[in-house]
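Everything on this sheet refers to the single structure shown next.
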Amino acid sequence: MPARDVVSWSALISGYAHLGHGHGAFRCLNGMQEEGLFPNAVTFCSILKACGSIRAVDKGEEVHNEIAEQGLLQHNLVLGNALVDMYVKCGSLPKAYHAFKELGIHDAVSWNTLIAGFAHQGQGYDALTCVERMQCEGLFPNAVTFICALKACANVCSISAGAQIHLKISSQGLFDSDVLLSNALMDMYVNCGALLEAERVLKSLNVQNTSSWNVLISGYIQQNKGYDALNCYKRMQIGALPPDVVTYLGALKACGNINAVDEGKHIHNEMSIKGFTKDVRVATALIDMYAKCGAFMRAWQVLEELCIWDVASWNALIAGYTRKGLHEEAIHCFDIMQKKGVLPDEVTLTCILKACGNAGAIARGEQVHQNVVQKGWFKQNQILCTGLLNMYAKCGALAKAEQLLDELPFHDVISFSALTAAYAQQGLSHKALNCIKHMQNIGLPPNAITLSSMLYACSHSGLVDEGQTYFTNLTSRFGIMADLEHCTCIVDLLGRAGYFSEAILMLQRMPSSEFLSIWSTLMGSSRKWGNIAVGRWAFDHAIQIDKNNTGAYICMASMYLAAGMHSDAKAIERMRLRNINCDPISHTV
1 MPARDVVSWS ALISGYAHLG HGHGAFRCLN GMQEEGLFPN AVTFCSILKA
51 CGSIRAVDKG EEVHNEIAEQ GLLQHNLVLG NALVDMYVKC GSLPKAYHAF
101 KELGIHDAVS WNTLIAGFAH QGQGYDALTC VERMQCEGLF PNAVTFICAL
151 KACANVCSIS AGAQIHLKIS SQGLFDSDVL LSNALMDMYV NCGALLEAER
201 VLKSLNVQNT SSWNVLISGY IQQNKGYDAL NCYKRMQIGA LPPDVVTYLG
251 ALKACGNINA VDEGKHIHNE MSIKGFTKDV RVATALIDMY AKCGAFMRAW
301 QVLEELCIWD VASWNALIAG YTRKGLHEEA IHCFDIMQKK GVLPDEVTLT
351 CILKACGNAG AIARGEQVHQ NVVQKGWFKQ NQILCTGLLN MYAKCGALAK
401 AEQLLDELPF HDVISFSALT AAYAQQGLSH KALNCIKHMQ NIGLPPNAIT
451 LSSMLYACSH SGLVDEGQTY FTNLTSRFGI MADLEHCTCI VDLLGRAGYF
501 SEAILMLQRM PSSEFLSIWS TLMGSSRKWG NIAVGRWAFD HAIQIDKNNT
551 GAYICMASMY LAAGMHSDAK AIERMRLRNI NCDPISHTV
């Protein structure tokens, strides 16, 4: 090119910006200015796009100042919109809003850019407010506006606002003409938990596509409805729609969640025929599915067939072993992974720390600790640091756990709960209770795990009054919903101390007592104190839930024997041998 001008430089800068190569765009701008050429409005638009692509907000502010000095914003709405978009892409919404207000006029692009920014940052209410203000200025929302508004509704779970937008979309005839819009509508209903409404939207579409079904399948998986997700997968194929990678990933996740290994194998075969299994994401999903179903040989086979070793695939297998309680196998898998030259990431080490803690493998846990420090992840990754603390606590190395907690720059309820649980399990009830008090003093609200640890500590130390007080305060003050574990702990606390009237009252207050664990707990306490009446009452409830529970018969028979009631003990043994072919006579306290 004999001579380069602003137009040619601007075209080159635009190309770099369009491809997301922000630094290349900046180099071109510098070269242009070195040749004595000054950027114009078109050049600035591309440079602002480049700033947004690499989140260079400082550089963007410099460009903003230069544009303002040249007075280019007063009559160029395209440039003004590019400025707002740059701040939005950089995640600086206050500056984006300030730039938006500086614009003399607004169009749909201006508003959509701002609305999209609020929606993307999870500020749904601000996004919906912008939609209302946009209409007050006489501008009508278009498909882009509605897509962003629906995302905002999903962020704040406002199904009522989403339903109103649904009506507007239908009235404007936009529903069937825009696939992205219909998918956004389904996604809104899915995120609000209204899966039936999402199904209705799908059925009402004149033309269904794979992406629409993917939204619904993903929704059912989010709601832990694996059978419904697989049903959608099958219905989609009946409708002659070909599954894509996203569909298969969702179907495999559903299989893993409901332990449907046979269906998972069928999907695996289908993907193999289509050549999808070479995709690392798909292979990782297959490993995860097989591991969740306990089919570890299959999981290993998929891993070994991979052309490229990927840490995510190894993580899926290690996490699968840990999830199934096979902690030694998880550690062995970790060793093989490293021998293969695959470097662990933060997810790997978090899983291995859990395995080390549950297996009591403190030496291996200390090696992982050193690895974390060497990689510079200590004090930076909160989940990893909490995993370290939890590992030491479960291994009984309380001094190490305490030291680690003191060294951490951040404290959270999970780390305190881990230490509290360790104190309780080691019989250090006063330390456990002091840990909870300290946690509250620094402004950390206890959670359900904290409550369980506290009740365990009180129960094994005979601190009945303290346990009841803590239970009442924590459930009422912090809104912790008492679950089966908490109620079982309270019954154990009262029963161990011989407070059977209070234990029975607790059972009667429960919304449901159809759980074997709670009656087994009460039987154990009755045996300790020789309370035959309460023991028999608990026994009757236990065998109503599970007539084949051998432990219940043995416990009841031993109570009768200890009380010298040999004929009753023999009757219980005969009942056990018959395996209870008829309903037992109910006894009351």
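In terms of UniProt numbering, the sequence shown opens at residue 1 and continues consecutively. By construction, the Cβ of each residue, glycine as well, lies at the ideal position given by its N, Cα and C atoms.
query, result
"Taking the alpha helix (DSSP H) that Ala-569 belongs to, which residues open and close that run?", "566-577"
"What is the residue span of the alpha helix (DSSP H) that Phe-500 lies within?", "500-509"
"Could you tell me the boundaries of the alpha helix (DSSP H) in which Ile-442 lies?", "No alpha helix (DSSP H) contains Ile-442, which DSSP labels as neither H nor E."
"Beta-carbon within less than 7 angstroms of Ile-258's beta-carbon, same chain only, minus the 5 sequence neighbours each way: which residues are those?", "Gly-226, Tyr-227"
"Under a Cβ-count criterion, where at least 16 other Cβ atoms within 10 Å of its own Cβ denotes burial, should His-369 be classed as buried or exposed?", "buried"
"Tell me which residues share the same chain as Thr-488 and place their Cβ nearer than 7 angstroms to its Cβ, disregarding the 5 neighbours each side in the sequence.", "Ser-517, Ile-518, Thr-521"
"Count the other CB atoms within 10 Å of the CB of Phe-146; is the residue buried (16 or more) or exposed (fewer)?", "buried"
"Report the rounded CA-to-CA distance for Cys-582 versus Arg-323, giving the unit in angstroms.", "With a pLDDT of only 43 at Cys-582, under 50, the local geometry of the prediction cannot be trusted, and the value read off the model is given with reservation. Their backbone Cα atoms lie some 39 angstroms apart in a straight line."
"Under the rule that 16 or more other beta-carbon atoms within 10 Å means buried, what is Pro-242, buried or exposed?", "exposed"
"For Met-134, which residues of its own chain have a beta-carbon under 6 angstroms away from its beta-carbon, when the five flanking residues on both sides are left out?", "Trp-111"
"Going by CA-CA distance only, name the one from His-332, Ala-198, Ala-552, Pro-445 that's closest to Phe-478.", "Pro-445"
"Using the Cα positions of Leu-408 and Val-7, report the straight-line distance between them to the nearest angstrom.", "55 angstroms"
"When DSSP labels each residue in this structure, what does Trp-9 get in the three-state scheme?", "helix"
"With a CB to CB cut of under 6 angstroms and the five nearest residues on each side skipped, what residues in its chain are close to Ala-108?", "Leu-139, Asn-142"
"Leu-398 CB to nearest chain C CB: under 8 angstroms?", "Going by chain labels, chain C is absent from the structure shown, which holds only one protein chain."
"Kindly list the residues whose CB is nearer than 7 angstroms to the CB of Asn-381, restricted to its own chain and excluding five residues on each side of it in sequence; keep chain order.", "Glu-346"
"Measure the Cβ-Cβ separation of Met-391 and Gly-427 and say whether it is below 8 angstroms.", "no"
"Assuming the contact rule is C-beta atoms closer than 8 angstroms, Glu-197 and Leu-216 should be a hit. Round their C-beta distance to whole Å, please.", "Actually they do not touch by this definition, with Cβ atoms about 11 angstroms apart."
"Would you tell me roughly how many angstroms separate the C-alpha atoms of Asn-155 and Gly-122, rounded to the nearest one?", "6 angstroms"
"Do you know whose CA, among Ala-359, Trp-309, Gln-301, Glu-305, lies nearest Gly-325's CA?", "Ala-359"
"What residue range does the alpha helix (DSSP H) around Asn-381 cover?", "That residue, Asn-381, is in no alpha helix (DSSP H); it is neither H nor E in DSSP."
"Buried or exposed, going by whether 16 or more other CB atoms sit within 10 Å of the CB of Gly-462?", "exposed"
"Candidates Ala-50, Ile-115, Ala-240: which alpha carbon is nearest Ser-14's?", "Ala-50"
"When you compare each of Leu-83, Lys-570, Lys-339, Gln-367 to Glu-62 by their alpha carbons, which one comes out closest?", "Leu-83"
"Whole angstroms are fine: how far does the CA of Lys-234 sit from the CA of Ala-41?", "53 angstroms"
"State yes or no: is the C-beta of Ser-476 within less than 8 angstroms of the C-beta of Ser-417?", "no"
"I believe Leu-252 touches Met-289 by the beta-carbon criterion, under 8 angstroms. Please report the beta-carbon distance rounded to the nearest angstrom.", "4 angstroms"
"Could you say which of Ile-545, Ser-459, His-486 lies nearest to Phe-515 if we only look at CA atoms?", "Ile-545"
"So Ala-184 packs on Ala-152, CB below 8 angstroms; how close in whole Å?", "The pair is not a contact, with the Cβ atoms about 11 angstroms apart (cut-off 8 angstroms)."
"How close, in whole Å, do the beta carbons of Thr-284 and Asp-244 come, if the pair is a contact with beta carbons under 8 angstroms?", "17 angstroms between Cβ atoms; not a contact."
"Could you please give the first and the last residue of the uninterrupted alpha helix (DSSP H) stretch that includes Pro-94?", "93-102"
"At the level of alpha carbons, what is the spacing between His-120 and Phe-38?", "35 angstroms"
"Of the residues Lys-400, Cys-293, Ala-503, which one's Cα is nearest the Cα of Lys-265?", "Cys-293"
"In terms of residues, what are the limits of the alpha helix (DSSP H) holding Met-454?", "448-459"
"Compute the distance between the beta-carbons of Ala-330 and Ile-352, then report whether it is under 8 angstroms.", "yes"
"Hey, would you say Ala-552 sits closer than 8 angstroms to Met-523, going by beta carbons?", "yes"
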